[in-house]
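Participant: Sharing a structure below in structure tokens format, with a few things to ask.
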Amino acid sequence: MAWRANLSRNLKELRILCCQTSPASADARAFVEKNYKELKSLNPKFPILIRECSGVEPQIWARYDMGVERGIRLEGMKEPQILKALEDLVKVGASLKKA
23 MAWRANLSRN LKELRILCCQ TSPASADARA FVEKNYKELK SLNPKFPILI
73 RECSGVEPQI WARYDMGVER GIRLEGMKEP QILKALEDLV KVGASLKKA
């Protein structure tokens, strides 16, 4: 999945919001546990922020050039769907750079 190495080229920052205990955030927490190390190793200087807050709805936010941000709610999504959502956010960043 070559897009994983393009996080730092197409985004300025990635934020993942989830609750430490909520069942709604369980898949988002599992995604972070399984994928954070690889994403960070492919993008060592890229800020990947994990924000945990009690009761928060699981979300993923991408910040692009000029302060543009896009967010996706992750509630009810399994890991493959979260990966696809992240890939879509990276592709949006690639298209914004061309515009």
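23 is the number of the first residue of the sequence shown in our numbering; add one for each residue after it.
Glycine is no exception: its CB is placed at the ideal position from the N, C-alpha and C atoms.
Since the model is a prediction, treat every value here as computed from it, not as a measurement.
#1: Does the segment 56 to 67 come close enough to the segment 90 to 100 that 3 or more CB-CB pairs lie under 8 Å?
#2: Answer with buried or exposed for residue 49, where buried requires no fewer than 16 other C-beta atoms within 10 angstroms of its C-beta.
#3: Along the alpha helix (DSSP H) that carries residue 64, what are the first and last residues, could you check?
#4: Which one of 27, 51, 28 and 36 has the shortest CA to CA distance from residue 80?
#5: Since residue 98 sits in a beta bridge, which residues does DSSP pair it with?
#6: Can you tell me whether DSSP reads residue 81 as helix, strand or coil?
#7: So, with DSSP's three-state summary, where would you put residue 29?
Facilitator: On the basis of the coordinates in this document:
#1: no
#2: buried
#3: Its alpha helix (DSSP H) spans residues 48 to 64.
#4: 51
#5: Answer by DSSP bridge pairing: none, since residue 98 is not bridged.
#6: strand
#7: It is helical.
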